[in-house]
Amino acid sequence: MAMTCRGLLSRPLRLADSLLRSSARFGRRSLTTTTGTLEEAYQRTKELCLSKKLPRDVKPEAVFACNELDLGEVNVYGFDYDYTLACYKPSLDDLLYELGRTNLINKFKYPKAIADLKYIPNFAVRGLHYDIEKGLLLKLDSFLQIQLGSVYRGLSPVSDEEVLELYKNRIIPIAYVEGTKNSAQGVKTKMVQLADLFSVPEMLLLCQVAEFFRAHSLDYHPEILFHDVKTAVQGAHPIMHKIVAENVTEYLECNPNIRRYFQHLASNGKKLFLVTNSPFHFVDKGMRYIVGNDWKDFFDVTIVQARKPKFFTDESRPIRLYDTVSRTQLWDRVTRLEKGKIYFEGTINQLQDMTGWKGHQVLYFGDHPYSDLADVTLQHGWRTGAIISELDHEIKTLNDESFKKDVNWLQMLTQLIEDCQDREGKEAEATLQQWMQERDMLSQRTKTVFNKQFGSVFRTYQNPSYFSRRLFRFADIYTSSISNLMHYSASHTFYPRRGVMPHEYTSLFV
Numbered sequence: 010m011a012m013t014c015r016g017l018l019s020r021p022l023r024l025a026d027s028l029l030r031s032s033a034r035f036g037r038r039s040l041t042t043t044t045g046t047l048e049e050a051y052q053r054t055k056e057l058c059l060s061k062k063l064p065r066d067v068k069p070e071a072v073f074a075c076n077e078l079d080l081g082e083v084n085v086y087g088f089d090y091d092y093t094l095a096c097y098k099p100s101l102d103d104l105l106y107e108l109g110r111t112n113l114i115n116k117f118k119y120p121k122a123i124a125d126l127k128y129i130p131n132f133a134v135r136g137l138h139y140d141i142e143k144g145l146l147l148k149l150d151s152f153l154q155i156q157l158g159s160v161y162r163g164l165s166p167v168s169d170e171e172v173l174e175l176y177k178n179r180i181i182p183i184a185y186v187e188g189t190k191n192s193a194q195g196v197k198t199k200m201v202q203l204a205d206l207f208s209v210p211e212m213l214l215l216c217q218v219a220e221f222f223r224a225h226s227l228d229y230h231p232e233i234l235f236h237d238v239k240t241a242v243q244g245a246h247p248i249m250h251k252i253v254a255e256n257v258t259e260y261l262e263c264n265p266n267i268r269r270y271f272q273h274l275a276s277n278g279k280k281l282f283l284v285t286n287s288p289f290h291f292v293d294k295g296m297r298y299i300v301g302n303d304w305k306d307f308f309d310v311t312i313v314q315a316r317k318p319k320f321f322t323d324e325s326r327p328i329r330l331y332d333t334v335s336r337t338q339l340w341d342r343v344t345r346l347e348k349g350k351i352y353f354e355g356t357i358n359q360l361q362d363m364t365g366w367k368g369h370q371v372l373y374f375g376d377h378p379y380s381d382l383a384d385v386t387l388q389h390g391w392r393t394g395a396i397i398s399e400l401d402h403e404i405k406t407l408n409d410e411s412f413k414k415d416v417n418w419l420q421m422l423t424q425l426i427e428d429c430q431d432r433e434g435k436e437a438e439a440t441l442q443q444w445m446q447e448r449d450m451l452s453q454r455t456k457t458v459f460n461k462q463f464g465s466v467f468r469t470y471q472n473p474s475y476f477s478r479r480l481f482r483f484a485d486i487y488t489s490s491i492s493n494l495m496h497y498s499a500s501h502t503f504y505p506r507r508g509v510m511p512h513e514y515t516s517l518f519v
């Protein structure tokens, strides 16, 4: 069975100790024997690390399984549009940023000087949290711990000391992060997670305006600023739709394999449907560019402006026929869903009742773990796939030889520290302190290669990120592009890896 790098190296020195102890009768000693010096243990560990083969490269086009998924059981494939079928160029981030900034000036009367602010690529990553009470942008791990070194007020990093003073703890209470239920006002929260790719330019604009206010000694309320920026950027979407529809080649990636994938599914007798929040004219222009003028022929059901996640949670919103010529929805009652026609709004219950598509026979793909995937898997038993375009960059970094060496040594050094930390004496204390400093340096280096400010979308220093925890819970499979599934047959079964749990043995064969 294939072994993950993390599993193989999770407790490397214990493995080495057991191998060495088993041959102790021949005079061989444990790497951490009490009779040896710490320097000797360090050198032995370093030599062992250098002797190990580096992990094999991860295939960028692979599909990764969180839960076992048999495609042979899937008869119906559903798709979101934005960042699922439609992959956007970086120019879209610039456009959304500029439109949002203009709205702040024209509609919210923010200082005209912010028009000089420029988009900074790669400042933020998705999955971050914004504390609307304290005005901080930060990253949490799967245990709700703050990733120290990744907390920003505006564009300025906040020191670890100030972070701990503000929160009194490195771990944030779940009610602070995810909110509490109030029967009158719904869920109230002090933190908002920015979990889709449209939120990346929004995060930068928020931080830059906050930095502008601080630099000019202008008093502001973080919560009001957050809602103003959010409204300004979301309010720019209709204009963005118009601009992108008129200039699809400037903003959209053309992936001919998507059409081939649709043909592959159709030839295997699969049904296809599209449920998107975007308006028809915007989707139509994009799909003509990506798939071809006959794109509607591939879908048995097409629903636009679906209002997800309400599409998945509302009980009674009627589904309506959309007139593509007049660009209006019709009032005729819809009693069946027909191929080639466009539908507007509605609910998942109506979709299921009119088609009979239910449960594990449906596989739905989206890019957002919450609005696309959470409700369909938790409430309706659909199978789910996440399209995470950041995987291209993540895997390219993972495959870098220097990164592999750093991670291998980081894990073995961490185990050495754990094994030797109870040594007594000033010399031992000084040596352990040096090791800790080296470990901190390695942790920082393996973070910043992904993103200088916030690191990997999927990890904090050692733990999975909060975003990862939700992704792995709500997605059965995930990959960087929908066309990657072209590499698998329509009856392929995806199996999750058997990872090593902390209490299990370390073995080359686990």
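Counting in our numbering, the sequence shown runs without a single skipped number right up to 519 at its last residue.
The beta carbon of each residue, even a glycine, is placed where N, CA and C say it ideally should be.
As assigned by DSSP and simplified to three states, the class of residue i
| i | result |
| --- | --- |
| Asp169 | helix |
| His138 | strand |
| Arg326 | coil |
| Ala275 | helix |
| Thr111 | helix |
| Phe282 | strand |
| Arg468 | strand |
| Phe73 | strand |
| Leu407 | helix |
| Leu105 | helix |
| Asp79 | strand |
| Thr455 | helix |
| Glu513 | coil |
Residue span of the alpha helix (DSSP H) that contains residue i, given as start and end
| i | result |
| --- | --- |
| Ala224 | Ser208 to Ala224 |
| Phe374 | Run containing Phe374: none in the alpha helix (DSSP H); it sits in the beta strand (DSSP E), Val371 to Gly375. |
| Val334 | Premise fails: Val334 is in no alpha helix (DSSP H) and is neither H nor E. |
| Ile233 | Pro231 to Gln243 |
Cβ-Cβ distance between residue i and residue j below 8 Å
| i | j | result |
| --- | --- | --- |
| Pro378 | Ala204 | yes |
| Asp323 | Thr356 | yes |
| Gln156 | Thr469 | yes |
| Leu101 | Ala241 | no |
| Val220 | Thr502 | The identity of residue 220 in the sequence shown is Glu, whereas the question assumes Val. No. Outside cutoff. |
| Ile151 | Pro473 | Note that residue 151 corresponds to Ser in the displayed sequence, not to Ile. Yes. Within cutoff. |
| Thr285 | Tyr90 | yes |
| Leu360 | Val343 | no |
| Phe463 | Ala133 | yes |
| Glu259 | Lys239 | no |
Rounded C-alpha distance that separates residue i from residue j
| i | j | result |
| --- | --- | --- |
| Thr46 | Leu441 | 12 Å |
| Arg135 | Phe483 | 17 Å |
| Ser325 | Thr311 | 19 Å |
| Asp303 | Ala95 | 16 Å |
| Ile97 | Pro288 | Per the sequence shown, the amino acid found at residue 97 is Tyr instead of Ile. Tyr97 and Pro288: Cα-Cα distance of roughly 17 Å. |
| Gly301 | Lys294 | 10 Å |
| Pro166 | Glu262 | 34 Å |
| Leu451 | Gln420 | 10 Å |
| Lys127 | Ile299 | 30 Å |
| Lys317 | Ala254 | 22 Å |
| Ile351 | Phe308 | 10 Å |
| Gly81 | Ser498 | 9 Å |
| Ala74 | Gln453 | 29 Å |
| Leu9 | Pro265 | Because residue 9 is not part of the residues shown, which for the chain are 10 to 519, the question remains open. |
| Ala50 | Ala437 | 12 Å |
| Leu480 | Ser489 | 13 Å |
| Leu425 | Gln52 | 11 Å |
| Phe271 | Glu70 | 17 Å |
| Phe88 | Val67 | 26 Å |
| Glu513 | Asp431 | 24 Å |
| Phe321 | Gln443 | 54 Å |
| Leu206 | Thr93 | 11 Å |
| Glu354 | Pro327 | 7 Å |
CB contact below 8 Å: residue i versus chain D
| i | result |
| --- | --- |
| Tyr106 | Going by chain labels, chain D is absent from the structure shown, which holds only one protein chain. |
Residue range of the unbroken beta strand (DSSP E) whose run includes residue i
| i | result |
| --- | --- |
| Ser159 | Ile155 to Arg162 |
| Met495 | No beta strand (DSSP E) holds Met495; DSSP gives it neither H nor E. |
| Arg392 | Arg392 to Ile396 |
| Leu146 | Leu145 to Leu149 |
| Gly87 | Val85 to Phe88 |
| Met200 | Met200 to Leu203 |
| Thr364 | Looking at the DSSP string, Thr364 is not in any beta strand (DSSP E); the run it does join, the alpha helix (DSSP H), is Ile357 to Thr364. |
| Glu399 | No beta strand (DSSP E) contains Glu399, which DSSP labels as neither H nor E. |
Near the ligand PLP: residue i beta-carbon under 7 Å from a heavy atom
| i | result |
| --- | --- |
| Asn302 | Among the components of this structure there are no ligands whatsoever, and the ligand PLP is therefore not found. |
Cβ shell of residue i (< 7 Å), same chain only, five flanking positions each side left out
| i | result |
| --- | --- |
| Thr406 | Phe412, Val458 and Phe459 |
| Leu175 | Lys143 |
| Cys58 | Asn417, Trp418 and Met421 |
| Ala33 | Summary for Ala33: the model assigns pLDDT 35, below 50, so the residue's position carries little reliability, and this model does not support an answer. |
Neighbourhood of residue i by C-beta distance below 6 Å, restricted to the same chain and skipping five residues each side
| i | result |
| --- | --- |
| Trp3 | This structure leaves residue 3 out entirely; the chain is present only between 10 and 519. |
| Gly163 | Cys216, Ala219, Glu220 and Arg223 |
| Ser477 | Phe467 |
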